[in-house]
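Since the structure comes first, as structure tokens, the remarks are kept for the end.
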Amino acid sequence: MFEARLTQGALLKRLLDSVKELVTDANFDCSETGISLQAMDNSHVALVSLSLRAEGFNPYRCDRGFSLGVNLNSLNKIMKCAGNEDVITLKADDSSADSLCLLFENSSNERVSEYELKLMDIDQEHLSIPETDYDATVMMPSAEFQRICRDLMVVSESVTIDVSKDEIKFTAEGELGTGNVKLKPTSTIDKPEESITIELGQTVSLQFSLKYLSNFTRGTPLSDQVMLCLSDNMPLLVEYKMDIGYIRYYLAPKVGD
Amino acid sequence: KLKQKTIAEYFS
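Just so you know, the protein sequences line up as chains A and B, in that order.
So the first sequence is numbered by this note's numbering: it starts at 1 and just counts up by one.
So the second sequence is numbered by this note's numbering: it starts at 1001 and just counts up by one.
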């Protein structure tokens, strides 16, 4: 028996929003410790990894590990039937899970709706993501990162990210001209959500597709801060941390032939 | 000309 009840149901809507543009079908891997998802986009240059800890749910019950194969488009349609303030409970039979039950309860518990989503068999390759000591780790307000991606898309479909110890610089060059945004580290003790920090082992300069980066910024509502981790010849890591877990996006850099 | 490797080429 699998059961996971999330008092903050809106979080599940936001999580789905942050994944569904990148991936259409995905396995939710359920275990004693929580729920996780790992999936690549169609072109296999981007990967999303989601982890939700069991402690974030109340209650959480999972007797044995199993996977829920979900079409995210269909799940999204059903999730639209949940109110923003609703408590959401996910239920499935772990021995023969051919459907996922979703229960939406309003705060006063007067309205309860129940939906069953048909599950599918998804054969997905699972990659083991290595622990990496990144050359540069940057924390910045997530809304700022979203704005930079949106703004620079006006100029080009690619962005070069340069990180040095006193600056992170985003540069775009296109047919109409060029644009860049530079941010300096700031520490605002009273407003940690607005701070920018740079941890640097060595300077990096890498180029990425803005289409993907702006897709990743769908995670913005999940966290005030975003973490960017860069290393030469490694996929960029973009992480949004939540109380209940994290969503991580990886993107392969554009490299010369 | 720039190209992108797949994620699997980095993480196997």
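Glycine included, every Cβ here is placed at the ideal spot set by N, Cα and C.
Cβ of residue i within 8 Å of any chain B Cβ
i: Tyr-249(A); result: no
i: Ser-128(A); result: yes
i: Ala-252(A); result: yes
i: Val-19(A); result: no
i: Pro-192(A); result: no
i: Asp-257(A); result: yes
i: Leu-22(A); result: no
i: Met-153(A); result: no
i: Leu-50(A); result: no
i: Val-70(A); result: no
Cβ separation of residue i and residue j, assumed to be a contact under 8 Å, to the nearest whole Å
i: Gln-207(A); j: Thr-160(A); result: 5 Å
i: Phe-2(A); j: Cys-62(A); result: 5 Å
i: Gly-245(A); j: Leu-52(A); result: 4 Å
i: Ala-10(A); j: Asn-84(A); result: 5 Å
i: Pro-235(A); j: Tyr-1010(B); result: 5 Å
i: Gly-69(A); j: Ile-122(A); result: 4 Å
i: Leu-127(A); j: Ile-1007(B); result: 7 Å
i: Asp-29(A); j: Ser-67(A); result: 5 Å
Three-way DSSP call (helix, strand, coil) for residue i in this model
i: Glu-105(A); result: strand
i: Met-1(A); result: coil
i: Asp-29(A); result: strand
i: Val-154(A); result: coil
i: Thr-188(A); result: coil
i: Ile-35(A); result: strand
i: Arg-147(A); result: helix
i: Val-163(A); result: strand
i: Leu-15(A); result: helix
i: Thr-132(A); result: coil
i: Lys-1005(B); result: coil
i: Gly-270(A); result: Residue 270(A) cannot be examined here, being either before or after the span of chain A that is shown, 1 to 257.
i: Gln-239(A); result: It is worth fixing the name first, because residue 239(A) is Glu in this sequence and not Gln. Of the three classes helix, strand and coil, the one that applies to Glu-239(A) here is strand, per DSSP.
Own chain, CB closer than 6 Å to residue i, minus 5 neighbours either side, in chain order
i: Val-112(A); result: Glu-105
i: Tyr-249(A); result: Val-48, Phe-216, Val-238
i: Gly-201(A); result: Asp-135
i: Glu-194(A); result: Pro-141, Thr-188
i: Met-40(A); result: Leu-47
i: Lys-118(A); result: Ser-99
Close Cβ partners of residue i (< 7 Å) along its chain, the five nearest in sequence each way excluded
i: Arg-64(A); result: Asp-94
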